[in-house]
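J.: Have a look at this one.
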Amino acid sequence: MKHMKVGGLMTDNVVSAVPATSFRDVAKLLAEHGISGVPIVDDDDHVVGVVSESDLLARHELTARDLMTVPAVTVHAEETVADAARLMVRRGVERLPVVDEEERLVGIVTRRDLLCVYLRPDSEIRRRLREDVLTDAMSLPGYAVDVHVLDGVVTLGGRVRRRSQALMLVGLAERVDGVVAVVDRLSFHENDTRLTSPARTHHDVS
2 MKHMKVGGLM
12 TDNVVSAVPA
22 TSFRDVAKLL
32 AEHGISGVPI
42 VDDDDHVVGV
52 VSESDLLARH
62 ELTARDLMTV
72 PAVTVHAEET
82 VADAARLMVR
92 RGVERLPVVD
102 EEERLVGIVT
112 RRDLLCVYLR
122 PDSEIRRRLR
132 EDVLTDAMSL
142 PGYAVDVHVL
152 DGVVTLGGRV
162 RRRSQALMLV
172 GLAERVDGVV
182 AVVDRLSFHE
192 NDTRLTSPAR
202 THHDVS
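In this note's numbering, the protein residues as written are 2 to 207.
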């Protein structure tokens with residue numbers, strides 16, 4: 002199943018600084034470019050740290066080397082948007098320098114960039130569910146399940162053959178880019194799994 006990658010959202014014209022950059026020059030970069038932080042790179046473009054507005058406010062007249070947060074939290078361009086979002090939340094950062102296979106800086110992605118994924122049109126989400134999930138991942142015809150999408154909330158209805166298919170379908174739908182939540186209204190003919198879950202007792206077993 003296709004997932005949007007960080008490389009498709011990142012800004013590749015990155016404003017960066019070097020460890021020797023002065024406090025004043027870092028502040029000037031943030032102000033001139035309207036950004037809230039800059040990655041700090043060494044001579045080989047490897048990210049060695051990040052300086053944010055909060056770092057500047059806490060100290061005065063230092064260099065980027067003294068101000069930067071280390072180690073830098075980075076992400077690779079081929080990682081999914083969902084993984085990048087989880088990393089941001091887990092590490093409590095608002096931006097991630099994007100690096101290539103050799104850990105060199107190639108871009109930067111912010112929380113605002115990642116939130117754009119959730120502005121994906123409902124019609125596009127519905128199409129991805131039918132093509133990527135039903136047809137490609139589960140080898141089911143696109144009409145096998147009723148798919149409704151409103152403001153990113155997906156409602157799945159209808160009947161599938163096995164309970165395992167219903168479980169898989171909901172799980173895959175939750176991973177589609179732009180999906181906010183999944184409402185499960187699926188039923189099934191055959192319970193082919195011994196797993197039980199109170200949240201799924203509404204399923205109709207014939």
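Ideal Cβ placement from N, Cα and C applies to all residues, glycine included. Keep in mind that this is a model prediction, so the values were computed, not measured.
When you compare the CB positions of R68 and V52, do they come within less than 7 Å of one another, or not?
T.: Counting from one through the sequence shown, the residue named residue 68 turns up at place 67. Counting from one through the sequence shown, the residue named residue 52 turns up at place 51. Reading off the sequence, residue 68 comes out as Leu, not Arg. In this structure, V52 lies closer than 7 Å to L68 by Cβ.
J.: Distance, Cα to Cα, E103 vs G38?
T.: Here the question's residue 103 lines up with position 102 in the sequence shown. Here the question's residue 38 lines up with position 37 in the sequence shown. Distance between the alpha carbons of E103 and G38: 23 Å.
J.: Using a threshold of 7 Å, state whether the C-beta atoms of L120 and V110 are closer than that.
T.: Counting from one through the sequence shown, the residue named residue 120 turns up at place 119. Counting from one through the sequence shown, the residue named residue 110 turns up at place 109. In this structure, L120 sits away from V110, with a CB-CB distance that is not shorter than 7 Å.
J.: From the DSSP output, in three-state form, read off L10 for me.
T.: Sequence index remark: in the sequence shown, residue 10 carries index 9 (1-based). If DSSP states are grouped into helix, strand and coil, L10 belongs with coil.
J.: What whole-angstrom Cβ distance do G20 and A65 have, given they're in contact under 8 Å?
T.: Residue 20 sits at position 19 when you count from the first residue of the sequence shown. Residue 65 sits at position 64 when you count from the first residue of the sequence shown. As written in the sequence, residue 20 is Pro, which differs from the Gly given in the question. Going by Cβ atoms, the distance from P20 to A65 rounds to 5 Å, so yes, they are a contact pair.
J.: Could you tell me which residues DSSP pairs with G159 in its beta bridges?
T.: Position 158 of the sequence shown, counting from 1, holds the residue named residue 159. L187.
J.: State buried or exposed for A167, treating a residue as buried only when at least 16 other CB atoms are found within 10 Å of its CB.
T.: What you label residue 167 is simply residue 166 of the sequence shown in a count that begins at 1. Result: buried.
J.: Taking 7 Å as the CB-CB cut-off, is H4 touching chain C?
T.: This model lacks chain C altogether, as it is built from one protein chain only.
J.: Does the Cβ-Cβ distance between V15 and A78 come in under 7 Å?
T.: Working through the sequence shown from its first residue, we reach residue 15 at position 14. Working through the sequence shown from its first residue, we reach residue 78 at position 77. No.
J.: On the CB-based measure, 16 or more other CB atoms within 10 Å of its CB, does L116 come out buried or exposed?
T.: Translated into the one-based positions of the sequence shown, residue 116 becomes position 115. With fewer than 16 Cβ atoms within 10 Å of its Cβ, L116 is classed as exposed.
J.: Does T194 pass the burial test, meaning 16 or more other C-beta atoms within 10 Å, or should it be called exposed?
T.: Looking up residue 194 in the sequence shown gives position 193. It counts as exposed.
J.: Could you pull the start and end residues of the alpha helix (DSSP H) that I126 belongs to?
T.: Indexing the sequence shown from 1 puts residue 126 at position 125. Start and end: 123-129.
J.: Using only CA atoms, which one of V154, G35, L30 lies nearest to S124?
T.: The residue given as residue 124 occupies position 123 in the sequence shown. Nearest option by C-alpha distance: V154.
J.: Any chance the segment 132-141 sits against the segment 168-177, with 3 or more Cβ pairs inside 8 Å?
T.: yes
J.: Could you tell me how far apart the beta carbons of V146 and L170 are, in whole angstroms, since I believe they sit closer than 8 Å?
T.: Taking the first residue of the sequence shown as 1, we reach residue 146 at position 145. Taking the first residue of the sequence shown as 1, we reach residue 170 at position 169. About 7 Å separates the two Cβ atoms, so the contact holds.
J.: Hey, would you say A73 sits closer than 7 Å to G50, going by beta carbons?
T.: Residue numbering aside, residue 73 sits at position 72 when the sequence shown is read from its first letter. Residue numbering aside, residue 50 sits at position 49 when the sequence shown is read from its first letter. The answer is yes: Cβ separation under 7 Å.
J.: Among D114, M139, V150, A18, which one has its Cα closest to the Cα of R128?
T.: For this step, residue 128 is matched to residue 127 along the sequence shown. R128 has its Cα closest to that of V150, out of D114, M139, V150, A18.
J.: Reducing DSSP to helix, strand and coil, say where A145 ends up.
T.: Here the question's residue 145 lines up with position 144 in the sequence shown. In the structure shown, A145 sits in coil (DSSP, three-state: anything other than H, G, I, E or B).
J.: Does DSSP put T70 in a helix, a strand or coil?
T.: Position 69 of the sequence shown holds residue 70. T70: strand per DSSP, three-state reduction.
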